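Q: Okay, here's the structure, questions in a sec.
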Amino acid sequence: MVETATSDSDSSATPTENTMERHRSPDPPPPSATSSRPAASRQAEMLVPEATRQRQTRDDTIRVLVLGRSGSGKTCIIRTLCDGAERPSVGGLFEATIKPYSTLVSMSERRFELIDTPGFDNMNMSDTEVFTQIADYLLEPDRIEAGITGIIYVHRAGDVIQSRSLRQNLQVLIDIFLQEAGTSRLTVLESRLGVQRVAHTTLLDEVQGRHSAFDRAWALGAMVSRTSDRRGFINILKTYISQTPILLPIQLDGSRGSRSDFTTRVERTLGYYEQESVQTILHNQEHDLREIYETKLVCQRESEAQLQQRLKEAELGYSSLRSQLQLQENVEQSEVVQALNDLNRMIDDIGRSTSAYLFDTYVSATFDRDPSDVTALDSADLPALKTLLDHVDGKSSIVMSSGGKGMQIECFFDFAIRHMMCRYLAKGIFGLFHPAIQPSLSRALATTYQNIQSQAPQVLAGKWRSETFKNIYRDDPGKREQHINDHINKLMNDQLKPLTRYVFGQDIAFAEDHNNRLHRLFEMAWDWDSKLKGDVIMLGDFIRTSFPPHFRFSPTLMEEFEYNPRNHKRGYIVGTLALGLVSRRAVGGGNPVEQTIVCKATVLTSNVFI
């Protein structure tokens with residue numbers, strides 16, 4: 001609480017006319033003979049980092065930076081120590097300081113340079129401009145050489161101590177200008193010019209109080225003067241006599257950076273941007289986005305040019321087939337069907353053996369109950385498990401029925417593992433034009449092949465696919481093994497390991513036998529896929545089919561696992577347990593390809609819960 005009154009400044013220790021002089025230039029005073037400095041008395045200065053080191057100045061002048069809000073009275077307090085002509089005033093009040101300037105004062109046989117600065121919340125400039133002016137002043141070469149001994153922040157009595165703008169300005173001072181070393185030299189002085197404190201609390205109480213804007217400065221070693229106005233100012237100056245100048249962090253090499261970078265840094269710390277800065281930021285963002293766009297556009301055009309070149313070469317090869325085509329197909333459809341059956345048996349074998357291993361080894365030990373009573377609903381992380389297996393609430397899945405009945409745990413592992421293997425093989429190997437090239441190139445070739453199938457007969461379309469497949473990527477044993485291992489690792493890391501982790505709540509090590517079987521499965525799938533796409537021409541294209549959960553059951557494309565004639569309702573499937581096979585042959589002339597169902601996929605439906 002404050003009320004308007006006339007300031008009654010103490011006159012003790014007033015500098016005399018013979019001991020005071022005023023230096024209005026922004027430059028520091030001319031050098032004089034140097035003298036030794038006593039060691040700093042504050043503990044905070046004993047811990048100053050190497051970068052903010054003490055300065056051996058060129059003279060004995062004690063340089064003090066004076067800061068504060070515009071109208072706080074800092075200029076008036078400095079003026080009371082000087083005997084020269086008063087600064088220009090309007091209506092009896094000092095004009096707001098708009099540029100930093102120094103005043104020289106001799107007191108107690110010591111020479112002080114008091115650096116007055118533009119105040120914050122200034123009507124003539126923004127806070128960002130104030131900080132920029134102060135930084136420019138401190139970064140003058142002579143200023144850096146001289147260093148700073150102390151910093152005084154003048155706080156006007158009656159100003160809100162929990163002010164948001166005050167906290168923001170102090171944050172800039174601490175983070176950018178002072179940091180810990182400079183803040184330990186900071187002293188807060190109360191100015192009562194024109195007002196009188198009537199509250200029972202002191203400035204020290206307010207600074208230490210809850211939600212004070214000075215709380216961080218206080219924690220870093222800042223001081224609060226027990227006396228106010230002129231007397232307090234003189235007492236603070238006396239405390240700096242025994243201290244050695246330091247380089248403020250803002251004065252260190254490279255600390256500020258460019259002017260625009262510094263302005264952005266100040267505005268970011270303040271939490272708001274000036275209009276000019278906003279326009280600059282938007283301009284820079286637009287420039288960066290355009291550069292990114294143009295770079296990506298160049299890369300895309302280069303990639304398209306490469307693909308066009310490859311397609312052109314493939315088309316040249318296709319045109320030559322009309323006169324060179326010689327077919328010697330030694331593959332029968334029965335061999336293709338037999339290979340599919342062998343692959344499905346291996347999938348079935350891996351699913352059953354792995355589920356039995358997990359059931360016998362981990363179920364009883366993990367759930368501490370009769371293993372036959374454990375279901376998928378007892379899993380350690382059921383929500384993650386549902387997500388992994390595409391469960392939809394209210395519908396049946398491998399995890400549980402639509403009525404809430406959980407899948408018995410051993411059957412659950414068997415069905416889930418087989419479904420994951422079928423899905424991965426169908427998409428990751430069989431579904432691509434070639435499983436070892438980039439997906440973008442694979443899609444481009446697949447699109448080109450579809451166009452050829454719609455225009456050319458099977459003899460030409462099949463030959464193009466065969467030659468392109470064999471020439472676009474030439475296998476060698478080392479690369480083949482690497483690609484197979486990459487696919488196995490992806491299946492393990494993305495599907496099988498999360499499956500066991502979500503059930504048991506821990507990572508489970510698969511047996512070496514299971515890993516070996518999985519490797520043989522992928523070798524068989526890889527070689528079979530290469531044979532069908534590289535060697536088979538006249539028989540057409542063989543598409544391996546796998547269907548996702550919640551796909552409507554189609555008796556034309558699939559058959560139910562362990563079908564029971566009494567269960568007629570088979571609306572949607574919950575997973576694929578064995579791959580199907582579809583043959584497609586090109587007719588040409590713009591006609592659609594002929595499609596034949598060779599083998600139906602084996603799927604699991606909600607009837608498994610009946």
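Just so you know, we're using the UniProt record's numbering here: the sequence shown kicks off at 1 and counts up by one.
Built from N, CA and C at the ideal position, the CB exists for glycine as well.
Computed from a predicted model, the values in this text were never measured in an experiment.
1. Can you give the Cα-Cα distance for residue 250 and residue 135, rounded to whole angstroms?
2. Looking at the strands, I want to know which residues DSSP matches up with residue 102.
3. For a test of your reading of the model: does the CB of residue 447 fall under 7 angstroms from any non-hydrogen atom of the ligand COA? Yes or no.
4. List the endpoints of the continuous alpha helix (DSSP H) containing residue 76.
5. With burial defined as no fewer than 16 other Cβ atoms inside 10 Å of the residue's Cβ, what is the status of residue 107: buried or exposed?
6. For residue 530, which of 415, 102, 480, 216 has the nearest alpha-carbon?
7. Tell me which residue opens and which closes the beta strand (DSSP E) that residue 543 is part of.
8. Using DSSP bridges, identify the partner residues of residue 189.
9. What would DSSP say about residue 406, mapped onto helix, strand or coil?
10. Which of helix, strand or coil does DSSP assign to residue 484?
11. Report the rounded CA-to-CA distance for residue 391 versus residue 421, giving the unit in angstroms.
12. Please confirm if the segment 295-308 is in contact with the segment 164-176, defined as three or more CB-CB distances below 8 angstroms between the two stretches.
13. In the DSSP assignment, find the alpha helix (DSSP H) that holds residue 448 and state where it starts and stops.
14. Check residue 375 in the structure and name its three-state DSSP category.
15. Between the Cα of residue 511 and those of 430, 496, 65, 463, spot the shortest distance and give me the residue it belongs to.
16. Buried or exposed: which applies to residue 272, given that a residue is buried once 16 or more other Cβ atoms fall within 10 Å of its Cβ?
17. For residue 393 and residue 349, what's the separation of their Cα atoms in angstroms?
18. With distances taken between CB atoms, is the gap from residue 367 to residue 410 smaller than 8 angstroms?
19. To which residues of the same chain is residue 559 closer than 8 angstroms at the C-beta, ignoring the five residues directly before and after it?
20. Fully enclosed by the segment 227-266, which alpha helix (DSSP H) runs are 4 residues long or longer?
21. Buried or exposed for residue 463, please, with buried defined as at least 16 other CB atoms from any protein chain shown within 10 angstroms of its CB.
22. Leaving out five residues before and five after residue 467 in sequence, what residues of the same chain have Cβ atoms less than 7 angstroms from its Cβ?
23. What span of residues does the alpha helix (DSSP H) with residue 365 cover, start to end?
24. Between the segment 181-191 and the segment 138-147, do three or more beta carbon pairs fall short of 8 angstroms?
25. If you count every other CB in all the chains shown that lies within 10 Å of the CB of residue 268, and 16 or more means buried, which is it?
26. Would a C-beta distance cut-off of 8 angstroms place residue 248 and residue 177 closer than the cut-off?
27. Straight-line CA distance for residue 204 to residue 128?
28. Measuring CA to CA, which of 263, 109, 577, 515 is closest to residue 281?
29. Decide if residue 482 is buried, meaning its Cβ has at least 16 other Cβ atoms within 10 Å, or exposed.
30. For residue 113, which residues in the same chain have their Cβ closer than 6 angstroms to its Cβ, ignoring the five residues on either side in sequence?
31. Are there 16 or more other CB atoms within 10 angstroms of the CB of residue 419, so buried, or fewer, so exposed?
32. Are three or more beta carbon pairs between the segment 533-545 and the segment 363-379 nearer than 8 angstroms?
A: Let me lay it out:
1. In the sequence shown, the residue the question calls residue 250 occupies position 250. In the sequence shown, the residue the question calls residue 135 occupies position 135. Cα-Cα distance, rounded: 7 angstroms.
2. The residue given as residue 102 occupies position 102 in the sequence shown. Beta-bridge pairing links residue 102 to 115.
3. What this structure holds is no ligand at all, so the ligand COA is not there to describe.
4. In the sequence shown, the residue the question calls residue 76 occupies position 76. Counting along the chain, the alpha helix (DSSP H) containing residue 76 begins and ends at 74-80.
5. To locate residue 107, count along the sequence shown from 1; it is residue 107. Buried.
6. For the purposes of this step, residue 530 is identified with residue 530 of the sequence shown, where counting begins at 1. Nearest C-alpha to residue 530: 480.
7. Within the sequence shown, residue 543 is the residue found at index 543, counting from 1. Start and end: 541-545.
8. Reading the sequence shown from its first residue, position 189 is the one you call residue 189. Paired residues: 154.
9. For the purposes of this step, residue 406 is taken as the residue at position 406 of the sequence shown. Note: residue 406 maps to strand in three-state DSSP.
10. Locating residue 484 in the sequence shown gives position 484, where the first residue counts as 1. If DSSP states are grouped into helix, strand and coil, residue 484 belongs with the helices.
11. As a working mapping, residue 391 is identified with position 391 in the sequence shown. As a working mapping, residue 421 is identified with position 421 in the sequence shown. Roughly 18 angstroms separates the two Cα atoms.
12. no
13. Here residue 448 refers to the residue found at position 448 when the sequence shown is read from its first residue. Note, residue 448: alpha helix (DSSP H), 439-455.
14. Along the sequence shown, one-based indexing puts residue 375 at 375. Strand at residue 375.
15. Taking the first residue of the sequence shown as position 1, residue 511 is located at position 511. For the residues 430, 496, 65, 463, the minimum Cα distance to residue 511 belongs to 496.
16. As a first step, residue 272 must be located in the sequence shown, where it is residue number 272. Result: exposed.
17. Translated into the one-based positions of the sequence shown, residue 393 becomes position 393. Translated into the one-based positions of the sequence shown, residue 349 becomes position 349. Each residue's alpha carbon lies about 31 angstroms from the other.
18. Start at 1 with the first residue of the sequence shown, and residue 367 comes out as number 367. Start at 1 with the first residue of the sequence shown, and residue 410 comes out as number 410. Not in contact: residue 367 and residue 410 (Cβ atoms no closer than 8 angstroms).
19. Taking the first residue of the sequence shown as position 1, residue 559 is located at position 559. Correct list, in chain order: 600, 601, 602, 603.
20. 229-239
21. Here residue 463 is taken as the residue at index 463 of the sequence shown, counted from 1. The residue in question, residue 463, is buried, as its Cβ has 16 or more Cβ neighbours within 10 Å.
22. Along the sequence shown, read from residue 1 onward, the residue named residue 467 stands at position 467. Taken in chain order, the residues that qualify are 317.
23. Against the sequence shown, residue 365 aligns to sequence position 365. 364-367 is the extent of the alpha helix (DSSP H) around residue 365.
24. no
25. Start at 1 with the first residue of the sequence shown, and residue 268 comes out as number 268. Exposed, because fewer than 16 other Cβ atoms sit within 10 Å of the Cβ of residue 268.
26. Locating residue 248 in the sequence shown gives position 248, counting from the first residue. Locating residue 177 in the sequence shown gives position 177, counting from the first residue. For residue 248 and residue 177, yes; Cβs fall inside 8 angstroms.
27. On the sequence shown, residue 204 is found 204 positions in, with the first residue counted as 1. On the sequence shown, residue 128 is found 128 positions in, with the first residue counted as 1. Residue 204 and residue 128: Cα-Cα distance of roughly 28 angstroms.
28. Along the sequence shown, one-based indexing puts residue 281 at 281. For residue 281, the nearest C-alpha among the options comes from 263.
29. Taking the first residue of the sequence shown as 1, we reach residue 482 at position 482. That one is exposed.
30. Along the sequence shown, read from residue 1 onward, the residue named residue 113 stands at position 113. Once the five neighbours on either side are set aside, the close Cβ partners of residue 113 are 61, 63, 102, 104.
31. Stepping through the sequence shown from its first residue, residue 419 is reached at position 419. So residue 419 ends up on the buried side.
32. no
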